[in-house]
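Chemist: Would you mind keeping the following structure in view while I ask a few things?
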Ligand SMILES: [Zn+2]
Ligand SMILES: [Zn+2]
Ligand SMILES: [Zn+2]
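Numbering (the working numbering), first residue to last: 1 to 379.
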């Protein structure tokens, strides 16, 4: 197997894990199911996500009521498809055994939509559910609103199902209902607002948090599925120790933070990937390619804030100093050093920063080595 084939297999595996994880993130939430169409509800809402690409109109799913077409002789299936609508762009089986057909053009797509019979099997052709649905959240929904009332009102606004999200309450040590509702819309686009009585609620796209493994700290899978070796959440070494006191080193990016830090660039990257999946309804693989390409173009975007380096801070304030007399400059220099110097970690940096300021503002060179020498005598 070549390297690139290896990667494709791994990515497919990660995508399928991702689907399962997305399903499991709902475990702790109470569900109010309004889906009266039972034929559709047995399918997981994410089962097809990994198969969907950029031009959703090209994608169709095909199923037979009794039999799993995805498990039938693939050569026979391929022949039957080609003989009825011509050679297709791509053909595959979904996790649940449906056939996923990718058409070359709209003409083929329309032909496929009308197909009722494939060889001996009568078939049902439909668009993947996730392409015509969107998930969103609304906030601040009073806890005293009756849930059947909510269902009734929201059903008229294209909501097929709703969940009141829960949170962990430290006092009672149980999960309790929150004021946030997760809404499942029957629309391809997220409606900007919904009305509950006279109150209008702004919707926000629902994006699940990235799943992080307790064992290896990696993203996109859980401990029980993990095949990697143990890595400490704090220091990244091969031990599992909640009380680890070793200096923090992230198992994912080698940064000086624990692997669960919200500032970890790898974590931020994974959050962006999930957001892209929800926004564009594409596969994790496609989302990852997009996010990585974007971060290459704007390398600073991923960082929380762009802190100017010490010398940049000084040149930022230089314009201000130029309008002042030398004596004013000296006073300001004193004040600036009292603010900045205590934040610096050691004498070398303290001296270097002050020396730079003096040079910039007063045009005088400072003998840094000499001053450092004197400082060690004082200490
Ligand atoms: Zn793992
Ligand atoms: Zn450790
Ligand atoms: Zn990190």
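We treat Cβ as the ideally placed atom computed from N, Cα and C, and that holds for glycine.
1. Measure the C-alpha to C-alpha separation of residue 316 and residue 344 and round it to an integer number of angstroms.
2. Can you check the region 123 to 170 for any beta strand (DSSP E) of at least 3 residues that lies completely inside it and give the ranges in chain order?
3. Distance check for residue 331 and residue 360, CA to CA, integer angstroms please.
4. Thinking C-alpha only, which one of 94, 141, 295, 184 is nearest residue 158?
5. Can we say the region 67 to 83 touches the region 92 to 102, given the rule of at least three CB pairs closer than 8 angstroms?
6. Around the C-beta of residue 77, are 16 or more other C-beta atoms found within 10 angstroms, so that it is buried, or is it exposed?
7. Just grab the DSSP bridge partners of residue 200 for me.
8. Answer yes or no: do residue 166 and residue 177 have a C-beta to C-beta separation smaller than 7 angstroms?
9. Rounded to whole angstroms, what's the CA-CA distance from residue 289 to residue 119? Just pull it up for me.
10. Consult DSSP for residue 97 and reduce its assignment to one of helix, strand or coil.
11. Quick test of your reading: residue 352 and residue 368, contact by CB under 8 angstroms. State the CB separation rounded to the nearest angstrom.
12. Considering Cα atoms alone, identify which of 355, 146, 154 is closest to residue 391.
13. If you drop the 5 nearest sequence neighbours on each side, which residues of the same chain put their C-beta closer than 7 angstroms to that of residue 371?
14. Quick check: the Cα distance between residue 39 and residue 121, rounded to an integer number of angstroms?
15. Looking at residue 89 and residue 104, is the spacing between their C-beta atoms short of 7 angstroms?
16. What span of residues does the beta strand (DSSP E) with residue 229 cover, start to end?
17. Please report the residue range of the beta strand (DSSP E) in which residue 176 lies.
18. Cα separation between residue 109 and residue 64?
19. Assuming the contact rule is C-beta atoms closer than 8 angstroms, residue 269 and residue 233 should be a hit. Round their C-beta distance to whole Å, please.
20. Who does residue 292 pair with in a DSSP beta bridge?
21. Hey, residue 139 and residue 199 are a contact pair by Cβ (cut 8 angstroms); roughly how many whole angstroms apart?
22. Compare the C-alpha of residue 346 against each of 245, 375, 181 and name the closest.
23. On a CA-only basis, which of 204, 207, 196, 238 is nearest residue 214? Give me that one, please.
24. In the DSSP output, which residue or residues are listed as bridge partners for residue 61?
Modeler: Once the coordinates are examined:
1. Bear in mind that the predicted position of residue 316 carries a pLDDT of just 44, short of 50, making it too unreliable to give a figure here.
2. 124 to 126, 134 to 138, 159 to 169
3. 14 angstroms
4. Comparing Cα-Cα distances from residue 158 to each of 94, 141, 295, 184, the minimum goes to 184.
5. yes
6. buried
7. 195
8. yes
9. In this structure, the alpha-carbon of residue 289 lies about 38 angstroms from that of residue 119.
10. coil
11. Their Cβ separation, rounded to whole angstroms, is 6 angstroms, which keeps residue 352 and residue 368 in contact under 8 angstroms.
12. Because the chain in this structure spans residues 1 to 379, residue 391 falls outside the shown range and cannot be described.
13. 351
14. With a pLDDT of only 30 at residue 39, under the threshold of 50, the placement of this residue in the model should not be trusted, and no figure is reported.
15. yes
16. Element bounds for residue 229: n/a, residue is neither H nor E.
17. 174 to 185
18. 19 angstroms
19. The pair is not a contact, with the Cβ atoms about 18 angstroms apart (cut-off 8 angstroms).
20. Paired residues: none, contrary to the question.
21. Separation of the CB atoms of residue 139 and residue 199 is rounded to 11 angstroms, and the pair is thereby denied contact status at 8 angstroms.
22. Taking only the C-alpha atoms, the option nearest residue 346 is 375.
23. Looking only at 204, 207, 196, 238, the smallest Cα-Cα distance to residue 214 is reached by 238.
24. 100, 126
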